[in-house]
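Visitor:
There are 2 protein chains.
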Amino acid sequence: MPAPITEEQTRLDRTALLDAAEGLFYAHGIQAVGMDRVREASGLPLKRIYRLFATKEDLVVAMLRRRDRRWRESLAAHVESVQDPRGRVLAVFDWLAGWFAEPGFRGCAWINAHGELGSASEPVLAEVRAHKQAFHDQLAAWVHAAGTQPAEPVYLLAEGAIVTAGITGDPAPARHARAAVERLLGG
Amino acid sequence: MPAPITEEQTRLDRTALLDAAEGLFYAHGIQAVGMDRVREASGLPLKRIYRLFATKEDLVVAMLRRRDRRWRESLAAHVESVQDPRGRVLAVFDWLAGWFAEPGFRGCAWINAHGELGSASEPVLAEVRAHKQAFHDQLAAWVHAAGTQPAEPVYLLAEGAIVTAGITGDPAPARHARAAVERLLGG
DNA sequence: ATCGATGGAGAACGCTCGTTCTCGATCCAC
DNA sequence: GTGGATCGAGAACGAGCGTTCTCCATCGAT
Chain R
925 MPAPITEEQT RLDRTALLDA AEGLFYAHGI QAVGMDRVRE ASGLPLKRIY RLFATKEDLV
985 VAMLRRRDRR WRESLAAHVE SVQDPRGRVL AVFDWLAGWF AEPGFRGCAW INAHGELGSA
1045 SEPVLAEVRA HKQAFHDQLA AWVHAAGTQP AEPVYLLAEG AIVTAGITGD PAPARHARAA
1105 VERLLGG
Chain Z
925 MPAPITEEQT RLDRTALLDA AEGLFYAHGI QAVGMDRVRE ASGLPLKRIY RLFATKEDLV
985 VAMLRRRDRR WRESLAAHVE SVQDPRGRVL AVFDWLAGWF AEPGFRGCAW INAHGELGSA
1045 SEPVLAEVRA HKQAFHDQLA AWVHAAGTQP AEPVYLLAEG AIVTAGITGD PAPARHARAA
1105 VERLLGG
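Protein chains in written order, with our numbering: chain R, 925 to 1111; chain Z, 925 to 1111.
What follows is the structure in structure tokens.
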């Protein structure tokens, strides 16, 4: 056996594969990127890729799931570094502004995946809905902790800012949404 | 010459073609629908289709453009049937609620097209941006007529409601956005 | 040293796509 | 009635897709 594939190696390969898949799918779209380009970018043989994920769809779902975990952890870390409950809600929009300004920002990966595959892949659709539900619940908890009801306007402003920034490429919607939330919270 | 193709016939064919394309592309996604299915649904020979639109991309752009005209005209007709300036702004969200509840509603055609082709087709991207800009400007005019500044929160709430209803399939975001706008307008 | 299982590289498969071409039928001008 | 342009129906083309298979090099166990 040449390089007998340890568990550790499997873990490293999974990471390299998900890194490559996430970068390519986010930048160019899922359908536009063939498995051969994923192979090239990950440096893994196609055979190993298909041992780690039986289909492209499985790879896409795993990529979205890992991105969801990281995305929400990063958001939570930023928000919860703020002490004031109202400041926390506003911090969500500062974090969004930072995200929108990142080089290569191309909108929300889940909204984009929904546009591409929402009607073609049940597992992808489920993953998109799970992400949006989780973000909604996370945000609602912060809004309620600030003593405000209901959380829906804040969530809708966040979604509107994300989709608008994604389409226009302009990070300004984060500021506009933040200002609106300030008014809604009663500032 | 069999049936010499009058100007009138060309107009009818264009309409049949755009009808077929819009229905299929909206229901299943653009990349998921091949030109052969468009041919089948429109009843036109492939040759004629390619005489009317040189490429699939041209057909997609024309379809989005016609849909934009109809979509905004329908919205404007509903809104402007209301006399009270504040009522007009709120009527936008009643119209959205009706749209979300339509059978076959699958979110915003332009957001979906952006997710599918935003990074692959410059003309489609331009069409998406033109639609969003036009909707924004239309909405901003109504908001300003109601004596409110700025219009951005109302626009972002509308976009958030559209994208959320599209993903969840639940028309409730229209009501939530409407309620938030009522508070922002000072009710 | 040899065997046998395993893994890597990439060719191959079957399918679908957007687009073009072939070809026989059709109909008007003369 | 005949010629010739034009049309519809669908085959054909070349490319690209996701996925599988072939084949040889490699290495541990014996």
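All C-beta atoms in this analysis are idealised placements derived from N, C-alpha and C, irrespective of residue type, glycine included.
Since this is a predicted model, take the numbers as computed values, not measurements.
Do three or more CB pairs link the region 1060 to 1068 of chain Z to the region 979 to 992 of chain Z at distances below 8 Å?
Guide: They do not touch, by the three-pair rule.
Visitor: By a C-beta neighbour count over all protein chains shown, 10 Å radius and 16 as the cutoff for buried, is residue 998 (chain Z) buried or exposed?
Guide: Taking the first residue of the second sequence as position 1, residue 998 (chain Z) is located at position 74. Exposed.
Visitor: Pair every Cβ in the region 935 to 944 of chain R with every Cβ in the region 954 to 972 of chain R, then say whether three or more of these pairs are closer than 8 Å.
Guide: Yes: the two stretches touch, three or more of their Cβ pairs being nearer than 8 Å.
Visitor: Counting only beta-carbon atoms, is residue 1076 (chain R) nearer than 7 Å to chain Z?
Guide: Start at 1 with the first residue of the first sequence, and residue 1076 (chain R) comes out as number 152. Answer yes: the Cβ-Cβ gap between residue 1076 (chain R) and chain Z drops below 7 Å somewhere.
Visitor: Answer with buried or exposed for residue 1071 (chain Z), where buried requires no fewer than 16 other C-beta atoms within 10 angstroms of its C-beta.
Guide: The count along the second sequence starts at 1 and reaches residue 1071 (chain Z) at position 147. Exposed is the call here.
Visitor: Mind checking residue 993 (chain R): buried by the 16 CB within 10 Å criterion, or exposed?
Guide: By 1-based counting over the first sequence, the position of residue 993 (chain R) is 69. Burial call: exposed.
Visitor: Would you kindly check if the distance between the Cβ of residue 1086 (chain Z) and the Cβ of residue 1032 (chain Z) is under 7 Å?
Guide: Here residue 1032 (chain Z) is taken as the residue at index 108 of the second sequence, counted from 1. Here residue 1086 (chain Z) is taken as the residue at index 162 of the second sequence, counted from 1. In this structure, residue 1086 (chain Z) lies closer than 7 Å to residue 1032 (chain Z) by Cβ.
Visitor: State the CB to CB distance for the pair residue 1138 (chain Z) and residue 1108 (chain Z), rounded to an integer number of angstroms; the pair is presumed to be in contact (CB under 8 Å).
Guide: Summary: the structure shown does not reach residue 1138 (chain Z), with chain Z confined to residues 925 through 1111, and so no result is reported for it.
Visitor: Along chain Z, in chain order, which residues have C-beta atoms closer than 8 Å to that of residue 945 (chain R)?
Guide: What you label residue 945 (chain R) is simply residue 21 of the first sequence in a count that begins at 1. Result: empty, since nearest Cβ-Cβ is about 16 Å, beyond 8 Å.
Visitor: With a threshold of 7 Å between beta-carbons, can residue 957 (chain Z) be considered close to chain R, or not?
Guide: On the second sequence, position 33 is the one that residue 957 (chain Z) refers to. Not one chain R Cβ lies under 7 Å of residue 957 (chain Z).
Visitor: How is residue 1076 (chain Z) classed by DSSP in three states: helix, strand or coil?
Guide: For the purposes of this step, residue 1076 (chain Z) is taken as the residue at position 152 of the second sequence. Looking at residue 1076 (chain Z) - three-state DSSP - the assignment turns out to be helix.
Visitor: Counting only runs of 3+ residues fully inside the region 962 to 1035 of chain Z, write out the beta strand (DSSP E) ranges in chain order.
Guide: Counting only runs of 3 or more, we get nothing.
Visitor: Compile a chain-ordered list of the residues in the region 1083 to 1103 of chain R whose CB is closer than 7 Å to at least one CB of chain Z.
Guide: Answer set for the region 1083 to 1103 of chain R: 1083, 1084, 1085, 1087, 1088, 1091, 1092, 1097, 1100 and 1101.
Visitor: On the three-state DSSP scale, how would you describe residue 1097 (chain Z)?
Guide: Residue numbering aside, residue 1097 (chain Z) sits at position 173 when the second sequence is read from its first letter. In the structure shown, residue 1097 (chain Z) sits in a helix (DSSP, three-state: H, G or I).
Visitor: Does the beta carbon of residue 1070 (chain R) sit closer than 7 Å to a beta carbon anywhere in chain Z?
Guide: Sequence index remark: in the first sequence, residue 1070 (chain R) carries index 146 (1-based). Chain Z contact via Cβ: absent.
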